[in-house]
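So the sequences go chain by chain: A and B.
Note that my numbering has the first sequence beginning at 1, numbered continuously upward.
Note that my numbering has the second sequence beginning at 523, numbered continuously upward.
Each residue gets a CB set at the ideal place from its N, CA and C atoms; glycine is no exception.
Number of protein chains: 2
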Amino acid sequence: MSELINGWVKSVSVNPPSLKDNTADAERFEKALKEIFNAEFVDIDLSITGILPELLRKSNFTLRCILFKDHNKWRLAGITGNDDGIIAGLAIDLGTTTVVLRLTDLSTGLTMYEYSFPNPQIPIGPDILTRIHFAEKEDGLAELNRLIISGINDAITKICGDSHITPSGIYLLSVAGNTAMTHLFLKLNPHYLIREPYTPVINRPGCINARELGIDANQSAKVFVFPNTGSYFGGDLVAGILYSGLNRSDKTAILVDVGTNAEVVLGNKNWLVACAGAAGPALEGGVTKMGMNAGPGVIDSVRIDPTTGLFSITKIGCCPPKGICGSGIIDLAAALFLSGRIDIRGKFVSDACGARLIEKDGLKHFIVISAEESPEGFDLTISQADIDSLIRSKAAMYTILETISSYVGISLSELSTFYVAGTFGSLINPRSAITIGMMPDLPEGTYKSIGNSSLEGASMILKDCRLMNEIDAIRNSITYIELNVNQDFMNRLSAARFLPHTNLSLFPSVNPVSSSSAQERD
Amino acid sequence: MSELINGWVKSVSVNPPSLKDNTADAERFEKALKEIFNAEFVDIDLSITGILPELLRKSNFTLRCILFKDHNKWRLAGITGNDDGIIAGLAIDLGTTTVVLRLTDLSTGLTMYEYSFPNPQIPIGPDILTRIHFAEKEDGLAELNRLIISGINDAITKICGDSHITPSGIYLLSVAGNTAMTHLFLKLNPHYLIREPYTPVINRPGCINARELGIDANQSAKVFVFPNTGSYFGGDLVAGILYSGLNRSDKTAILVDVGTNAEVVLGNKNWLVACAGAAGPALEGGVTKMGMNAGPGVIDSVRIDPTTGLFSITKIGCCPPKGICGSGIIDLAAALFLSGRIDIRGKFVSDACGARLIEKDGLKHFIVISAEESPEGFDLTISQADIDSLIRSKAAMYTILETISSYVGISLSELSTFYVAGTFGSLINPRSAITIGMMPDLPEGTYKSIGNSSLEGASMILKDCRLMNEIDAIRNSITYIELNVNQDFMNRLSAARFLPHTNLSLFPSVNPVSSSSAQERD
């Protein structure tokens, strides 16, 4: 098991004091630290200074040191003797819906444990806007902060118990979340985030003492919080860019994080342009109001068996299907469209749907799998309203992609890679997304699903001390464009409200059967 | 009432955010701060960031900001609106025996209140050595730390109550104390201070959050702790040098702090050499084991009335005399010597003393003022043991002065100024000290009593932000010499055990009557 060369943990030896040089332990040690880490200045907590003299003498003047870097200065996060066990770090993806933690051995870089839990702020509001309004009430912010911090502390207890370490063995934490979640985590009022001119309290929180945040870790542990570039482009995205490598490539690529919002970054090593899909009344409801969240029992993919013409599904976990998530709905819509069961406006075609089209509460429903067909005895339907909602969402998504690419003056077809991030994003079948015109008609190899890139970016920074500067560089090089919902945008949005698009030449690979030739088999 | 130009309080205005520039409040504010204070980087606590957005908007984007500087970086200690009352600072002289606090208005530099209290660690040990040993016991350090911190907090309550401010109005604190007291204040183990090679835990504590130390002040208040140059040359002396201006003068001068120890600094703007009188067995008992501490009812000066030949006294306060302090003993010994009542070895001369010399418990005592002579009916005597003790102390003092001046190769007679610091030092009559050969025979105008220079230095740093670099420069330019108790030192010490000295040519101004011509009048 090899040690990380560019990790945050290094062995530091100092000369024992003598009558010729009886410089204080703290300064003697700081000098050695600065040499080893090539740092101009190292900030050392009084709590570390307090344990330094005994630990130095007990360990023959050689210690393992854990540092972290904050903007332009280094901070000591802890010291241990040579045999004092695992030095751990914790990466946290601070999602609006789900919080994911990954425990890492900082010496080797190996993952020790991964754990996720639903954001405990959900009972206050499933969406971030409700929480921001709640934070404006008396003690609202304190309550939201308490919920997320105690949720993380509970998770730390669980993780440490299962990994046979104590929380005091955690020295570094890195946290990536959207700007609002980051504010709630830091107990900073998110009030102005959602009010013109959309000003965060802080852009670059840097490194903060874990104990100051109430996080259960080593008493001198440091928490690095990923910077944001504004209210709508958070540290989760900066972490995602870091992970994707968008900022290191010669070729222009795009990163789309389809989480609670859709955030898009386009660029290469020379420039990065970003926008987010939460802006403007035209995007009311966002781009991802599709089906339920992915989870056990949720159907995540649907296809039509080419032989039998029957719909077949896959679902998450082993429990009976409870519903269908966004990626499943995209698959389903693509299948319905390709087979002529919905038309280019997304409306059910009665002839093609046949007996599978029923009416319930005055709304058309299509039976995807009837109770009789399903081994689980489950009656799976999709309504016209579901399809309409999907079309609004996919149109918004495509319009954002068109807008940002036209802003920088390149065509979507020029993109070398199309990174899809986020839990939802990672489940999307690019072929289906192309079919309904949600994503551009690029060769399928261009699409690269990178999963929870926020967590991955947060993990990366725990393993490589050179990346801290890169994070600052990413943040500083992002040009964030506000999505101006002007006539041009509205025209694009209207054109994108068809399947796959009014301009079919944009989607040459999509070839639905004509509605008239579609036949319901049974 | 004019504002301090180079103070730590400045008014900072920022542009309100706009859609064209919606940089976060914290970064917008930090940028303005950096410009105003000409700082490369300003450290802002999360607690300040938390109140920033509302305060900025409430105060039309103009705040009063209190900064402090730590080595190479600036730290924000607080922000207030324009009408939010007095911004106070507290200078603390952390004495082994007495703790003195001075409350200062940081905007104007005016002193608001001064207060002192006995060091609450005295019951554990009147001297620092006993306390260091106590700190080695289980929870001993915590107890000593608790005592001094709660003593300071009690004093803050008193000071604030009387000054009609709240502790949250205190933003900056500066603390000057000897190295051991500083360690106890910071809860750092003083164990190695007194063990070869006499290594402190820390030389430059810098700025620390008041709340981290448990000090009752503003939640983001910063405490600057004066640096030491070693176990025996503390921040109190560095503060004293700052106040004396020794380090700013072309001419070579000396600063002698006669507190619990005697610490000496010799130098000018180019170099500083220091030593302290606690080193070595030859100085066992130190240089100031003379009489009792100054306080109400204590006799602080003694003279012989040239007309009546009677001894007359002055005492501190209005209560009846309880004893005699060091400065009084020096006066008395000088008077006894000049009048031939003690000889050059300090022994009572029976003929000259006459009936005033009595024997008590087998020891000679000289009645300075008999009960009948004294309006208070108080019988004031001094024993041979008292005189012997004084002579050991004065010999140690003079030897240290000779040693340090010979180390740098100058004669004591070349000194431009002889600064005498410390509560005890400020009471010493230079003429008497010269007479007994405790201090060199310099023109009396050369002597300058500067009082509690530790408190004065601590106060200075609260008023002038340019001095922080000067403090570092002082600390870095001090060459500390260990007093090697070698044969040379012992020879010097022996020669200094006479009144004023075996080498009378060193004290041309001292002319005692010959013992034989001295006559007791009654």
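Under the Cβ criterion (8 Å, minimum of three pairs), the stretch 370 to 387 of chain A does not count as touching the stretch 532 to 543 of chain B. Ser-933 (chain B) is not a Cβ neighbour of Val-942 (chain B), given a cutoff of 8 Å. Taking a C-beta distance under 8 Å as the contact criterion, Ile-852 (chain B) and Met-960 (chain B) qualify as a contact pair. Secondary-structure assignment with DSSP links Lys-364 (chain A) through a beta bridge to A:Glu-359. Bounds of the beta strand (DSSP E) holding Gly-451 (chain A) are 447 to 451. Taking C-beta atoms under 8 Å as the contact rule, Ile-391 (chain A) and Arg-497 (chain A) qualify, at a distance of about 6 Å.
Arg-356 (chain A) sits buried, since 16 or more C-beta atoms from the chains shown fall within 10 Å of its C-beta. Residue burial annotation: Asn-218 (chain A) is buried, with at least 16 other C-beta atoms found within 10 angstroms of its C-beta. A Cβ-Cβ contact shorter than 8 Å links Phe-41 (chain A) with Lys-73 (chain A). Where Lys-31 (chain A) is concerned, the enclosing alpha helix (DSSP H) starts and stops at 25 to 37.
Per DSSP, the continuous alpha helix (DSSP H) segment holding Arg-953 (chain B) begins and ends at 952 to 957.
Remark: three or more beta-carbon pairs, one from each stretch, lie closer than 8 Å, so the stretch 228 to 245 of chain A and the stretch 468 to 478 of chain A are flagged as touching. Here Gly-673 (chain B) is not near Ala-610 (chain B), since their CB atoms are 8 Å or more apart. From the beta-carbon of Glu-35 (chain A), no residue of chain B is found nearer than 8 Å; the closest lies around 17 Å away. The beta-bridge partner set that DSSP reports for Ala-775 (chain B) consists of B:Gly-789. When the five nearest sequence neighbours on each side are left out, the beta carbons in the same chain lying within less than 8 Å of the beta carbon of Pro-118 (chain A) are those of Thr-97, Thr-98 and Val-99, in order along the chain. Counted as a single uninterrupted DSSP element, the beta strand (DSSP E) harbouring Ala-798 (chain B) occupies residues 794 to 798. The Cβ atoms of Gly-7 (chain A) and Gly-109 (chain A) sit closer than 8 Å to each other. Here Gly-931 (chain B) carries a coil assignment [DSSP, helix/strand/coil]. Residues of chain A with a Cβ closer than 8 Å to the Cβ of Asp-547 (chain B) are, in chain order, Tyr-192, Thr-199, Pro-200, Val-201 and Ile-202. Nearest to Leu-706 (chain B) by C-alpha distance, out of B:Asn-725, B:Leu-669, B:Ala-855 and B:Pro-1030, is B:Leu-669. In this structure, the beta-carbon distance from Asp-257 (chain A) to Gly-422 (chain A) falls below 8 Å. Ala-561 (chain B) and Arg-597 (chain B) have their C-alpha atoms roughly 10 Å apart.
Relative to Leu-858 (chain B), the option among B:Asp-738, B:Asn-1033, B:Glu-924 and B:Thr-721 whose CA is nearest is B:Asn-1033. Under DSSP, Asn-209 (chain A) shares a beta bridge with A:Lys-222.
Your pair Ser-975 (chain B) and Ser-766 (chain B) checks out as a contact, with CB atoms roughly 6 Å apart and the cut at 8 Å. When the alpha-carbon of His-501 (chain A) is set against those of A:Ala-458, A:Thr-446, A:Met-397 and A:Ile-481, the nearest one is in A:Met-397.
Taking a Cβ-Cβ cut-off of 7 Å, the neighbours of Asn-72 (chain A) in chain B comprise Phe-563, given in sequence order. Membership of Met-961 (chain B) in any beta strand (DSSP E) is not indicated, and neither H nor E is assigned to it by DSSP. Here Ile-880 (chain B) is exposed, its C-beta having fewer than 16 other C-beta atoms within 10 Å.
The contact set of Ile-208 (chain A) on chain B, defined by CB atoms closer than 7 Å, consists of Leu-568 in chain order.
Under the three-state reduction of DSSP output, Glu-636 (chain B) falls in the strand class.
At a beta-carbon threshold of 8 Å, the residues of chain B lying near Glu-196 (chain A) are Leu-541, ordered along the chain. Counted as a single uninterrupted DSSP element, the beta strand (DSSP E) harbouring Ala-421 (chain A) occupies residues 418 to 421.
One Cα belongs to Gly-850 (chain B), the other to Ile-889 (chain B), and the distance between them is close to 14 Å. Cβ proximity to chain A below 9 Å picks out Asn-750, Gly-752 and Ser-753 from the stretch 744 to 760 of chain B.
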